[in-house]
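Only one structure is covered here, and it is reproduced in the block below.
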Amino acid sequence: MTLPFIRADLADLAAYQSHPQTVAEGGQNASPTLLDRLDTNESPDDLPEDLKQKLAWTLQNQVESNRYPDGGHLALKQAIAEYVNESANLTAGFGATQISVGNGSDELIRSILIATCLNGEGSILVANPTFSMYAILAKTLGIPVIQVGRTDTFEIDLDAAQTAIAQPTLTPVRVVFVVHPNSPTANALTSAEIEWLKSLPDHLLVVIDEAYFEFSQTTLVSEIQQRFNWIVFRTFSKAFRLAAHRVGYAIAQPPLTAVLEKVRLPYNLPSISQSAAQVALKHRSQLLATIPQILQERETLIAKLSQTPSLKVWPSQANFIYVTLPETHSATTLMAIHHTLHQQGTLIRNIAGGFRITIGTPEENARTLSRLTTVLAELAV
Ligand SMILES: *Cc1c(COP(=O)(O)O)cnc(C)c1O
């Protein structure tokens, strides 16, 4: 039914689908309830028991459920600033005024869109394939999305991007979104791409999404000190194992963080989520200690899958890998493989003509390897 009071441009948009439904949720295509959830790049490990207990204690003894949460997030911002400085080896580094926190980076993306392009003031530029949320959130706000492609090694088509930016239009590009390293293709920005970003005029905002920084260990935060038109996003959803708590943060110069503070919801972050992020930061050496193992598992999976002649396995700087099939295989083949794996209990992401597969536990990765190679053999791919 078309509701007469709803914006016409929303009619074409579907609600964002997270995991496909499982049996427990009454999904149609019955599949095992115990799934290897390798489609959203979360950490395979929950918080360690001692930190869970700390958080439970906080909820019981410190969170006043009848009170609004701290709407200024000062303690959390200070802890984040300290971690950011440490992560980039900065001594004279960032303070709380250069940090803004969101209900996941998703909220920060939306705040940036609201603050830059709303009211027909501009468009955003993305290079596909990339994180889908920029375009999805832009469309919900009626903001045009200019899409350019990538080279055959997934570098941004810089000529196309440059042309798009130079195009005279009523809604010129105001924001360029890049992911470092990119999702779903797992490649970090090259020096040519970074040089191009640095060459952009300062009436454009450059958003660098470092959601996978803890895996790549490559960051552009130090650039923020010289550039008022750059902003770096990071998240607690991946390496810090806090996807359930929805905490993301932005690093930028104070005039820009001040704008983010203006447009966000006043109490955007529940008390327990703020505590969770602080606990995670305090115990970061314990939480991040599993990263070398994940990287080791990733290299093993890449090496083993690379022995399958029909698969192209791309190098990865993140906690997931991207694999593609020869171009002779259709979208139907990809869907069939995806479906078979789902039936067997392995969820991966079928995206942009390939599969994005999260690195899970060693057991999950072994199942991925065996199920994927088996289905490829069965389908004679
Ligand atoms: C997972 C991911 C995020 C994290 O989003 P949250 O809203 O913080 O959970 C952000 N950007 C990219 C590119 C991601 O892959």
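Numbered by the working numbering, the letters in the sequence shown go through residues 266 to 646 in order. Even glycine gets a Cβ: it sits at the ideal position worked out from N, Cα and C. Since the structure is predicted, the reported quantities are computational estimates derived from the model, not experimental observations.
Cβ-heavy atom distance, residue i to ligand 1, below 7 Å
i      : result
Phe396 : yes
Ser388 : no
Asp304 : no
Ala619 : Residue identity differs from the one stated: residue 619 is Gly in this sequence, not Ala. It does not: the Cβ of Gly619 is nowhere closer than 7 Å to a heavy atom of ligand 1.
Ser481 : no
Asp474 : yes
Val444 : yes
Gly369 : yes
Thr500 : yes
Ala631 : no
Lys503 : yes
Gly625 : no
Ser448 : yes
Ala426 : no
Ala515 : no
Ala541 : no
Ala457 : no
Ala361 : no
Ala508 : yes
Contact check, residue i vs residue j, beta carbons under 8 Å
i      : j      : result
Leu599 : Leu576 : no
Ile411 : Val438 : yes
Gln582 : Ala453 : yes
Pro394 : Thr455 : no
Glu307 : Ala508 : yes
Asn447 : Val471 : no
Leu303 : Glu629 : yes
Glu460 : Arg499 : no
Phe585 : Ala545 : no
Ala346 : Leu390 : no
Ala421 : Val413 : Residue identity check: residue 421 is Ile in the sequence provided, not Ala. Yes; because the gap between Cβ atoms is below 8 Å, this pair is in contact.
Val440 : Cys382 : yes
Thr522 : Ile364 : yes
Phe359 : Val366 : no
Thr633 : Thr611 : yes
For residue i, the nearest candidate out of the options (CA to CA)
i      : options                           : result
Leu378 : Thr356, Gly407, Ala361 and Gln518 : Gly407
Ile616 : Leu637, Ala509, Gly610 and His603 : His603
Gly618 : Thr593, Leu612, Ile401 and Gly387 : Thr593
Phe396 : Phe442, Gly358, Ala361 and Ala596 : Phe442
Asp315 : Leu383, Tyr348 and Ala541         : Ala541
Leu423 : Pro433, Val440 and Glu458         : Glu458
His468 : Ala545, Arg506, Glu386 and Asp417 : Glu386
Tyr399 : Glu420, Asp371, Phe419 and Asp417 : Asp371
Glu643 : Thr633, Ser571 and Thr605         : Thr605
Pro520 : Thr362, Lys342 and Pro309         : Thr362
Asp301 : Gln432, Ala431 and Ile613         : Ile613
Pro531 : Ser550, Asn368 and Pro309         : Asn368
Lys503 : Ser330, Lys569 and Ser481         : Ser481
Pro309 : Glu488, Gly625, Leu320 and Arg272 : Gly625
Which residues DSSP lists as bridging residue i, in chain order
i      : result
Trp495 : Val471
Ile364 : Ile516
Arg415 : Ile421
Arg332 : Paired residue(s): none; Arg332 is not in a bridge.
Phe396 : BP columns for Phe396 are empty, so no partner.
His576 : The sequence as given places Leu at residue 576; His does not occur at that position. Answer is none; Leu576 lacks a bridge partner.
Asn615 : Phe620
Asp301 : Thr611
Tyr587 : Arg621
Ser376 : DSSP lists no partner for Ser376.
Ser388 : Val438
Val443 : Ile473
Thr500 : Gly513
Val410 : Ile389
Residue i beta carbon near ligand 3 (any heavy atom closer than 7 Å)
i      : result
Ala451 : Absence of ligand 3 is noted for the structure shown, with ligand 1 being the only ligands found.
Touching by the beta-carbon criterion (3+ pairs, under 8 Å), the stretch 513 to 529 and the stretch 547 to 566: no
contact_flag[the stretch 326 to 340, the stretch 485 to 505] where n(CB pairs < 8 Å) is 3 or more: no
Three or more C-beta pairs below 8 Å linking the stretch 532 to 541 and the stretch 317 to 336: With a cut-off of 8 Å on Cβ pairs, the stretch 532 to 541 is in contact with the stretch 317 to 336, counting three or more such pairs.
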